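To keep things clear, I will list the structure first and then write my remarks on it.
Residue numbers (the numbering used here): 3 to 321.
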């Protein structure tokens, strides 16, 4: 079978090997990226399509009905029209649980930057501000101790659970909201609550839920009003969970003290994105998932998914 990889650069900018895919396909074509108007052309006659963020809409899939398999190089698979793929007999797989520890780690990279302002103070020291102060210590922004704070985790899958373990190591109390709470996990510093209670009690809110119709835009004016004044918001999940204009207003008025975001609604965002000029908003370019170790793991799972398909087996099939 022939294999086409539509947007390989995100997974492998040159530090990994595609050899595992080349061993599976009679022909393997790799594109670093594929613009929307070239998707059908780049798929060509390939029967196996690998995509990361290139969208495969119904309109696209109708034009490539010879495709038998679509492998998504991510856990979320909303880049593919699932109903259309099912209708056309195309099997879809994803990559579950490949970046659990890396993403949980990154939650605290954002949170610690919000609390300690390391980048700002490093810059100011090198500009001479510490020397000019004449003091043995120097800070320009308030520092926050995490011990004793309450973190609300929305979505308690593998990443949410890993995040809670790190939080509790800091002495943070965790309250979590999920569709299927496992009460056996509850202990002194971890309990499951309804969403409104989480909004009311959390000093820090970290988003770890998938993007569905009922979660799209869940962080909006209405939900923000339910939150504590001065809450910290962290999002390493999906950008569209947040109404960006509503977050900007909440940051500028201080209702939300600070936000750390690794995901946006539009990626890459436009230069006029409202959050670029918001107060106390840290934005990173969707990199929580991207350590080399994590990408190697993703690559290996993707290869095994394709191998299973070729052998007539199902592995990580989502439809």
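Using N, Cα and C, we set each Cβ at its ideal position, and we do this for glycine too.
Remember, it's a predicted structure, so these values are computed and weren't measured experimentally.
Where residue 4 falls: helix, strand or coil (DSSP) = strand
Using DSSP with H/G/I as helix, E/B as strand and the rest coil, what is residue 240?
-> coil
Host beta strand (DSSP E) of residue 194 (start-end) | 192-194
Assumed close pair residue 263, residue 284 - CB separation to whole angstroms, cut-off 8 Å | 7 Å
Residues near residue 24 by beta carbon distance below 7 Å, same chain, minus five either side | 30
Please check the pair residue 92 and residue 71, which I expect to be a contact at CB under 8 Å, by giving their CB distance rounded to whole angstroms.
-> 7 Å
For the ligand NAD, any of its heavy atoms closer than 7 Å to the Cβ of residue 68?
-> What this structure holds is no ligand at all, so the ligand NAD is not there to describe.
Is the CB-CB distance between residue 210 and residue 197 below 8 Å?
-> no
Using alpha carbons as the reference points, say which of 61, 83, 16, 54 lies closest to residue 6.
-> 54
Say whether the region 237-254 touches the region 177-196, bearing in mind that this needs 3 or more beta-carbon pairs closer than 8 Å, one atom from each stretch.
-> no
Mind checking whether residue 156 and residue 207 have CB atoms under 8 Å apart?
-> yes
Near residue 253, which residues of its chain fall below 7 Å by C-beta distance, leaving aside the five closest residues on each side in sequence?
-> 261, 280, 281, 282, 283
Is it true that the region 263-272 meets the region 294-301, where meeting means three or more beta-carbon pairs spaced less than 8 Å apart?
-> no
Is it true that the region 134-154 meets the region 83-98, where meeting means three or more beta-carbon pairs spaced less than 8 Å apart?
-> no
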